[in-house]
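Protein chains: 2
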Amino acid sequence: MSNQVFHKFTEIKTKEVAPGFFSKLIHTSGNTINFIDVKQGNSIHRHQHPHEQYSFVIEGKFELVVNDVPMVLDAENFALIPSNAWHSGTAITDCKIIDIFNPVREDYRAL
Amino acid sequence: MSNQVFHKFTEIKTKEVAPGFFSKLIHTSGNTINFIDVKQGNSIHRHQHPHEQYSFVIEGKFELVVNDVPMVLDAENFALIPSNAWHSGTAITDCKIIDIFNPVREDYRAL
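As they're listed, the protein sequences go chains A and B. According to the numbering used here, the first sequence is numbered sequentially starting from 374. According to the numbering used here, the second sequence is numbered sequentially starting from 374.
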């Protein structure tokens, strides 16, 4: 991101970080914030990373599996995924999701 | 927060962190995430803090002033407020806002 304070989402290039997962990525000094649009039925395979991940489903329903425990997330509940926890997920409906990573996802910055 | 992965917003006590600003606060290892409901017309006075603040208006319109520059935020644009920048704001409509602080707001944790 530039040093400016105010930004428009339209200025951020959308990246398909996993098949069907369309992301607007914001990298700050300490976090990557990932605004995701995903259509019903798309899945992210089981994976892990050292970053903590805080996941909020703003619209829709998304089944998240963390360390083999499944939970349907929606606007009423959320997940705080520990460092290196194995996780996967499937969009039960079309979803808008905000994932916050701590620290920055340098792998995403390089996309 | 507890060490568990999955959480419900209903389990988080709502706190009025400024007059008319009703917050659900989530504290992680590196961030405080503040889900705010604010009614039209409420304002937060000019203030500063060492934490960086990333502000996203999920619903509604909120006028944010950072270092004397005003901008109306809505779902299309957002703000990355630097450490110690002076800022204030007013809800132009009823709003749902997500503020992410880096690092943790220990003052909010103590509320």
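Each residue gets a CB set at the ideal place from its N, CA and C atoms; glycine is no exception. What you are looking at is a predicted structure, and each value in this text was computed from that prediction instead of being measured.
With distances taken Cα to Cα, identify the nearest neighbour of residue i among the options.
i, options, result
"F451 (chain A)", "A:R419, A:Y481 and A:K434", "A:K434"
"K412 (chain B)", "B:D467, B:I473 and B:F379", "B:D467"
"V390 (chain B)", "B:Q426, B:N440, B:D410 and B:Q377", "B:D410"
"F377 (chain A)", "A:L437, A:V477, A:H400 and A:S396", "The sequence as given places Gln at residue 377 (chain A); Phe does not occur at that position. Measuring from the Cα of Q377 (chain A), the nearest candidate turns out to be A:H400."
"S456 (chain A)", "A:T463, A:E479 and A:F474", "A:F474"
"I417 (chain B)", "B:S402, B:I454 and B:L437", "B:L437"
"H448 (chain B)", "B:E479, B:K469 and B:K397", "Note that residue 448 (chain B) is Ala in the sequence shown, not His. Nearest of B:E479, B:K469 and B:K397 to A448 (chain B), Cα basis: B:K469."
"Y481 (chain A)", "A:P392, A:V439 and A:K388", "A:K388"
"F394 (chain A)", "A:F408, A:I431 and A:G403", "A:F408"
"H422 (chain A)", "A:F379, A:K386, A:T383 and A:I454", "A:I454"
"K386 (chain A)", "A:F379, A:H380 and A:S396", "A:S396"
"Q426 (chain B)", "B:G414, B:E479, B:D472 and B:I465", "B:D472"
"G414 (chain A)", "A:E479, A:A464 and A:H460", "A:A464"
"V430 (chain A)", "A:G462, A:H380, A:R478 and A:K381", "A:G462"
"G403 (chain B)", "B:L484, B:H424 and B:V477", "B:V477"
Between residue i and chain B, is any beta-carbon pair separated by less than 8 Å?
i, result
"L484 (chain A)", "no"
"I473 (chain A)", "yes"
"V411 (chain A)", "no"
"I465 (chain A)", "no"
"I406 (chain A)", "yes"
"V378 (chain A)", "yes"
Grouping DSSP H, G and I as helix and E and B as strand, with all else coil, what is residue i?
i, result
"T383 (chain B)", "helix"
"E479 (chain B)", "helix"
"P423 (chain A)", "coil"
"G462 (chain A)", "strand"
"A448 (chain A)", "coil"
"S456 (chain B)", "coil"
"L437 (chain A)", "strand"
"N404 (chain B)", "coil"
"P392 (chain B)", "coil"
"L398 (chain A)", "strand"
"D467 (chain B)", "coil"
"V442 (chain B)", "strand"
"V411 (chain B)", "strand"
"V378 (chain B)", "coil"
So that I know if they touch, is there some Cβ in chain A lying closer than 8 Å to that of residue i?
i, result
"S402 (chain B)", "yes"
"V477 (chain B)", "no"
Starting from the beta carbon of residue i, find every residue of chain C whose beta carbon is closer than 7 Å, and list them in chain order.
i, result
"K381 (chain B)", "Here chain C cannot be found, since the structure's protein chains are A and B."
Taking 7 Å as the limit between beta carbons, can you name the residues of its chain near residue i, skipping five residues before and five after?
i, result
"A458 (chain B)", "Q421, V439 and N440"
Spatial neighbours of residue i within its chain, please: C-beta separation below 8 Å, excluding the five flanking residues on both sides.
i, result
"P443 (chain B)", "E436 and L437"
"E432 (chain A)", "A448, D467, C468 and K469"
Apart from the five residues just before and just after residue i, which ones in its own chain have a Cβ nearer than 6 Å to its Cβ?
i, result
"V445 (chain B)", "K434 and E436"
Next on the checklist: Can you pull out the residues from the region 413-437 of chain B whose beta carbon lies closer than 7 Å to at least one beta carbon of chain A?
Outcome noted: E425, Y427 and I431
Checklist entry - Taking a cut of 9 Å between CB atoms, which residues from the region 436-457 of chain B lie near chain A? => result L437, V439, N440, V442, M444, L446, A448, E449, N450, F451, A452, L453, I454, P455 and S456
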